[in-house]
Amino acid sequence: MLTESPMVLASEFPPGPESFDYRSLIPGLEGTFWEPAFTKIALLTWLTVAILIIFFLVAYRKPQIVPTKVQWIAESIYGIARDNIARDVIGKEGVRFAPYLATLFVFILMNNLWGIIPLAQISPNSHIAFPIVLAGFTYVLYIAVGVRKQGALTYAKNSIWVSGAPLWVQPILVPIEFFQVIILRPATLAIRLFANMFAGHMILLVFTLGGVVLFESATVALKPVAFLSWGMAIVMTLFELFILALQAYVFTLLTATYLQSSVSEAH
Amino acid sequence: MYTAAEEGSGGAQLLLPPLAEIIVGLIAFGVVLFVLAKFVFPRMEHMFQARVDAIEGGIARAEAAQAEANQLLEQYRAQLAEARTEAARIRDEARADAENIRQDVLAKAREESDRIIASGTSQLAAQRESIVRGLRAEVGTLAVDLAGRIVGESLADEARSRGTVDRFITELGAGTGTGRR
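If you read the sequences in order, they're chains E and C.
Heads up: the first sequence begins at 11 in the numbering used here, then just goes up one per residue.
Heads up: the second sequence begins at 71 in the numbering used here, then just goes up one per residue.
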């Protein structure tokens, strides 16, 4: 380790899982059960809540037939979830899930965005708790919809029984399908989002802190390499922007796909 | 940031979320979902529907206006054609009237001229008759007077004298009938 460096930041190089731990912003909660509820992560989540609610309420305070610019932006965001996800994936009756899908999309997107917004620089979704909550909502929703629409038994049968496969393969397929619907779907949903945000933050830390370490190093020849490292950090930030938008879209799209399998009769 | 005391626990810790954070996530997402799904997105759906209605209504209104315009056009065309035939009829009538009037005037003028001619002729005839009658009476006496004065007292035979006079008058009448030379 580079313990000889006076910089606090550089002392954290290389970054590890502990880089994602934050202390309570309210003094006196350290080490208690409620500490994680009052960290920077939680604060950013509440900011997401506030920004989304205020933006949409203000944008749709006085809706008009011919939309204003802000109203048009809000409608376009909802339109992506409604037309490009809900209606294209689920079909005509998917429109009633559009509010959920749109909320999911904007919530994940805004939470992800904190990862590259200066001063915030960390996405709440890089803490598994938030992806788990979102995957949990989707899980409960698609099972509830499936049971309500097809009946518990039919839905269970449609979910695990691969019609068309030879009978002797079914003993292999049924456990796989069952495992898939009950555990894999929500788990992959949560872990995919979490891992992407986690890895993205880690990469940015590596390049940024690595640059600091190189710049502080005793060898003069290494100092210019620090700028290369920081340049990479900028490139990676732009890459992160792409990834975080894509992950928000993928999460929403997969949710729609699972809802579709609950709504449709055939497997 | 701080380096956690339980650093040694490693990666598995990452997938075990603190319950408090899950509670934060539940409330946060729940609040956003409640507000947006209850107050914003239904209004957007409503607005989309209103927009569709407005567009479809606009098309329907345009079609109605078009149909009305077409109907008016037809009406005007019909009226125009009617007016044309009416004008032609009036012109024909006027022409016929003018012809009638001309015929009337001509007939009246002819009648008048005939009447004038006829009355002139009859007047002439009457005058001629009365003149002839007067002359006839006068010629007798004049001739007798004249003959008496010329012959004098020698007209003894009255019967002969009457015969002579009658012959004279007859000759006279024939003379006037054939014209005097």
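Using N, Cα and C, we set each Cβ at its ideal position, and we do this for glycine too.
- Here residue 71 of chain E carries a coil assignment [DSSP, helix/strand/coil].
- For residue 78 of chain E, the three-state secondary structure derived from DSSP is coil.
- A residue is called buried once 16 or more other Cβ atoms fall within 10 Å of its Cβ, and residue 199 of chain C, having fewer, is exposed.
- Around the CB of residue 101 of chain E, fewer than 16 other CB atoms lie within 10 Å, so the residue is classed as exposed.
- In the three-state reduction of the DSSP assignment, residue 49 of chain E falls in the coil class, being assigned neither a helical nor a strand state.
- Residue 170 of chain E is outside the set of residues whose beta carbon lies under 7 Å from a beta carbon in chain C.
- DSSP places residue 226 of chain E in the uninterrupted alpha helix (DSSP H) bounded by 195 to 226.
- Interface with chain C (7 Å Cβ-Cβ cutoff): residue 44 of chain E is included.
- Cβ contact annotation for residue 247 of chain E (same chain, cutoff 8 Å, sequence separation greater than five): 126 and 214, in chain order.
- Taking a beta-carbon distance threshold of 7 Å, residue 98 of chain C counts as an interface residue toward chain E.
- Listed along chain E is no residue with a C-beta nearer than 8 Å to that of residue 122 of chain C; the closest approach is about 10 Å.
- A distance below 6 Å between beta-carbons, with the five flanking residues on each side excluded, links residue 200 of chain E to the following residues of its chain, in chain order: 141, 142 and 145.
- Residue-level contact check: residue 150 of chain E does not touch chain C, since none of the beta carbons of chain C fall below 7 Å from its beta carbon.
- Around residue 137 of chain E, the beta-carbon contacts reaching into chain C at under 8 Å are 87 and 91.
- Less than 7 Å separates the beta-carbon of residue 113 of chain E from that of residue 102 of chain C.
- Between residue 133 of chain E and residue 211 of chain E, the beta carbon gap of about 7 Å places them in contact (Cβ cut-off 8 Å).
- Close partners of residue 266 of chain E in chain C (Cβ separation under 8 Å) are lacking, with about 15 Å as the shortest Cβ gap.
- Two segments are said to touch when three or more pairs of C-beta atoms, one from each, lie closer than 8 Å; by this definition the segment 58 to 66 of chain E touches the segment 94 to 108 of chain C.
- Residue-level contact check: residue 95 of chain C touches chain E, since one or more beta carbons of chain E fall below 7 Å from its beta carbon.
- The Cβ atoms of residue 107 of chain E and residue 269 of chain E lie closer than 7 Å to each other.
- Interface flag for residue 142 of chain E against chain C is set, since a Cβ pair is found closer than 7 Å.
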